[in-house]
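Under numbering that gives the first Met the number 0, residues 0 to 293 are what the sequence shown spells out, in order. Ideal Cβ placement from N, Cα and C applies to all residues, glycine included. Please read these numbers as outputs of a predicted model, since none were measured by experiment.
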Amino acid sequence: MTAPWRRLLAGAWLLAAAAAVQGQAQPQPLPPPPALAASDEEVPFITTPDRVTLAMLQLAGVGPGDVLIDLGSGDGRIVITAALRFGARGLGVDIVPDLVARSQASAARAGVASRASFRVQDLFDTPLAGASVITLYLLPEFNLRLRPRLLALPAGTRIVSHDWDMGDWPPDRTLTLAVPEKAIGLDKRSRLHLWVVPAQLQGLWCGPGGLALQVQQHYQAVQATLMHGAEQLALAGRVDGARLQLLGSGPGASWAVELGATGALRVQSAPQGAALQAGHQLQPATGASCGPGR
Ligand SMILES: C[S@@+](CC[C@H](N)C(=O)[O-])C[C@H]1O[C@@H](n2cnc3c(N)ncnc32)[C@H](O)[C@@H]1O
């Protein structure tokens with residue numbers, strides 16, 4: 000087990016132990032430490048409390064059209080709740096066979112076995128294609144190891160992590176919930192982070208009439224230069240899934256652009272009279288510039 004969980008578990012266990020000792024005239028056996036998965040794993044089995052599970056699924060906006068994967072699914076509660084309460088389909092993977100068997104039995108009991116499946120698998124070997132929502136209750140270093148694969152998922156895929164962040168990839172939203180019944184941690188709070196996978200827009204985009212848009216992207220944040228002949232306009236922007244909002248300096252200098260399935264950027268709205276207009280399409284440059292024959 001790695002340090003953050005060890006600290007949290009140790010803290011929770013010591014508190015429980017102290018409470019047990021204080022409340023008793025006679026010394027009593029200490030409460031057992033929280034249930035851990037098999038000893039050679041690094042992330043122990045600790046359940047997300049039900050209220051927090053619901054909040055995670057609401058934060059991701061899970062609905063009947065979604066396919067959810069819970070990486071490290073424990074007793075299956077997130078996938079089962081997504082199927083039962085939100086009508087989604089889901090898959091849970093865990094490396095502990097007993098937990099997977101327990102999850103399958105719970106899904107059958109809840110009548111959602113056709114929509115909530117589970118398998119024994121290392122989460123790092125689990126294909127993520129086809130998922131519209133990924134849920135995580137792991138460890139910071141697990142999140143960081145998963146991050147490149149998560150960023151490569153289709154724009155708009157939602158990721159929700161209980162408690163742990165993704166390093167310098169800032170969440171799109173964070174919720175903090177008071178959770179008095181939480182089994183671990185001293186402050187009895189859960190932090191829920193939501194990321195919406197941003198479209199990868201880094202590079203040069205070429206539009207009609209020699210228009211060019213140079214994009215520098217850092218996760219959801221964009222700096223761009225719009226070039227038209229000798230004119231250059233500096234823009235700042237933000238990517239929200241497949242949508243890009245670009246802002247210039249003056250009032251009303253705002254563009255809404257969307258990455259389409261064909262790989263082109265299509266301008267949805269633009270300031271009146273701007274060179275880059277609604278309906279314009281920008282294609283990724285095939286060379287170093289947007290000149291003729293690009
Ligand atoms: C903190 S529990 C979370 C359980 C569940 N997702 C929830 O939120 O209630 C983490 C789970 O990840 C599983 N796990 C740890 N390492 C794993 C790995 N490499 N591949 C798959 N599962 C793993 C553990 O067995 C444990 O059940």
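How long is the line joining the alpha carbons of residue i and residue j, rounded to whole angstroms?
i           : j           : result
residue 150 : residue 197 : 7 Å
residue 206 : residue 224 : 13 Å
residue 98  : residue 104 : 10 Å
residue 91  : residue 100 : 11 Å
residue 233 : residue 128 : 36 Å
residue 9   : residue 77  : Summary for residue 9: the model assigns pLDDT 42, below 50, so the residue's position carries little reliability, and this model does not support an answer.
residue 123 : residue 182 : 26 Å
residue 273 : residue 44  : 56 Å
residue 250 : residue 269 : 12 Å
residue 202 : residue 141 : 30 Å
residue 264 : residue 64  : 25 Å
residue 152 : residue 195 : 10 Å
residue 189 : residue 51  : 7 Å
residue 259 : residue 186 : 44 Å
residue 138 : residue 83  : 27 Å
residue 279 : residue 109 : 50 Å
residue 257 : residue 85  : 28 Å
residue 208 : residue 199 : 24 Å
residue 0   : residue 48  : Here the model assigns residue 0 a pLDDT of 47, short of 50, so the residue's position is not dependable and the matter cannot be decided.
residue 248 : residue 154 : 27 Å
residue 275 : residue 177 : 47 Å
residue 68  : residue 125 : 9 Å
residue 298 : residue 214 : A query on residue 298 cannot be resolved here, the shown segment of the chain reaching from 0 to 293 and no further.
residue 226 : residue 245 : 14 Å
residue 290 : residue 281 : 13 Å
Apply the 10 Å Cβ neighbour rule to residue i and answer buried if 16 or more other Cβ atoms are within range, or exposed otherwise.
i           : result
residue 88  : buried
residue 20  : Residue placement at residue 20 is flagged as unreliable, the pLDDT there being 31, under the threshold of 50; the coordinate-derived value follows with that caveat. Exposed, because fewer than 16 other Cβ atoms sit within 10 Å of the Cβ of residue 20.
residue 72  : buried
residue 116 : buried
residue 119 : exposed
residue 145 : buried
residue 175 : exposed
residue 160 : buried
residue 212 : buried
residue 113 : exposed
residue 121 : exposed
residue 285 : exposed
residue 167 : exposed
residue 288 : exposed
residue 262 : exposed
residue 156 : buried
residue 80  : buried
residue 75  : buried
residue 147 : exposed
Starting from residue i, follow the alpha helix (DSSP H) in both directions and report where the run begins and ends.
i           : result
residue 149 : 139 to 150
For the beta strand (DSSP E) containing residue i, list its first residue and its last residue.
i           : result
residue 134 : 132 to 135
residue 236 : 230 to 239
residue 255 : 253 to 258
residue 280 : 280 to 283
residue 114 : Counting along the chain, residue 114 falls outside any beta strand (DSSP E), and DSSP gives it neither H nor E.
residue 268 : 264 to 268
residue 243 : 242 to 246
Please go through the region 160 to 200 and give each complete alpha helix (DSSP H) segment of 4 or more residues, from N-terminal end onward.
Correct list: empty.
3 or more residues per run - each beta strand (DSSP E) lying fully within the region 29 to 109
66 to 70 and 88 to 93, all fully within the region 29 to 109.
Are the region 38 to 57 and the region 131 to 140 touching by the rule of at least three beta carbon pairs closer than 8 Å?
At 8 Å Cβ cutoff, the stretches touch.
Given 8 Å as the limit, is there contact between the region 230 to 241 and the region 212 to 220, that is, 3 or more CB pairs closer than that?
Touching, yes, given that three or more Cβ pairs across the two stretches are closer than 8 Å.
Output the residue ranges of the alpha helix (DSSP H) runs that lie fully inside the region 199 to 228 and measure 4 residues or longer, sorted by chain position.
List check, alpha helix (DSSP H) in window: nothing returned.
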